[in-house]
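From first to last, the protein sequence lines are chains A and B. Under the working numbering, the letters of the first sequence match residues 1 to 114, in that order. Under the working numbering, the letters of the second sequence match residues 115 to 227, in that order. Below is one structure, written out as structure tokens, with a few remarks after it.
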Amino acid sequence: DTAVSQTPKYLVTQMGNDKSIKCEQNLGHDTMYWYKQDSKKFLKIMFSYNNKELIINETVPNRFSPKSPDKAHLNLHINSLELGDSAVYFCASSHPGLAGNIQYFGAGTRLSVL
Amino acid sequence: EDKVVQSPLSLVVHEGDTVTLNCSYEVTNFRSLLWYKQEKKAPTFLFMLTSSGIEKKSGRLSSILDKKELSSILNITATQTGDSAIYLCAVEKGTGANSKLTFGKGITLSVRP
């Protein structure tokens, strides 16, 4: 009964392919996020969704398209993969409010583009 | 541009030592500062700090925020090999659904037996 679960854990693919990563949370949170962690371990926000609505959209290439079918799910589709997309992608969820924004992270998806 | 700077970038200590990890920030509309521990996989939450001078404590870990100096420290006493991890500092800005965390680059702590 993992709180934030991502699939797959590992993804190895060729340049130019299209791939998707799925995320689900069972914490009842209304906000979900995608982060990218590069080889230097720098964790950077890409997108956030609140109740299926896109809220944060950082300067991410439009090859990356998030989709939230409901507030418990946030998927990330990546078109035309490039070598520089190799990283660990983390999904997170929270219920931001007056008490702050403690985010809970999934175990990550390690994407390797060859 | 918002900045979160952690120091040192890496640290090697022996079991039983005490360590202090630093985080400084320049963020508009600051709301809170959070510390996370990242071992092999997911970052896990340690502390959230909103008020200056109030120490948060959990076992051998403690943290405090200084809003005047725009900084925070995370202390670990009597370190154990299980404390080896990357420690991430993040600063929250914005409110409600617009709230966003900006992370520092992390501090890699290695505790030798």
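Each residue gets a CB set at the ideal place from its N, CA and C atoms; glycine is no exception. For clarity, every value in this text was computed on a predicted model and none was experimentally measured.
Practice problem: Would you verify that the beta carbon of B:Thr142 is, or is not, closer than 8 Å to some beta carbon of chain A? | Solution: no
Quiz item: Just how far apart, CA to CA, sit A:Thr7 and A:Asp85?
Solution: 17 Å
Self-check item: Per DSSP, cross-strand counterpart(s) of B:Pro157
Solution: B:Gln152
Quiz item: Which residues, in chain order, does the segment 53-76 of chain A contribute to contact with chain B at a C-beta distance below 7 Å?
Solution: Ile55, Ile56
Quiz prompt | Short Cβ contact (8 Å threshold) for B:Thr132 with B:Asn189 | solution = yes
Quiz item: If we count Cβ pairs, one from each stretch, closer than 8 Å, do we get three or more for the segment 31-39 of chain A versus the segment 188-208 of chain B?
Solution: no
Self-check item: CA-to-CA distance, B:Gly130 to B:Lys170, given in whole angstroms
Solution: 21 Å
Self-check item: Integer-rounded CB distance, given that A:Gly106 should sit under 8 Å from A:Cys23
Solution: 6 Å
Self-check item: Within chain B, the residues that A:Ile102 reaches when beta carbons sit closer than 8 Å
Solution: Result: Leu148, Phe159, Met162.
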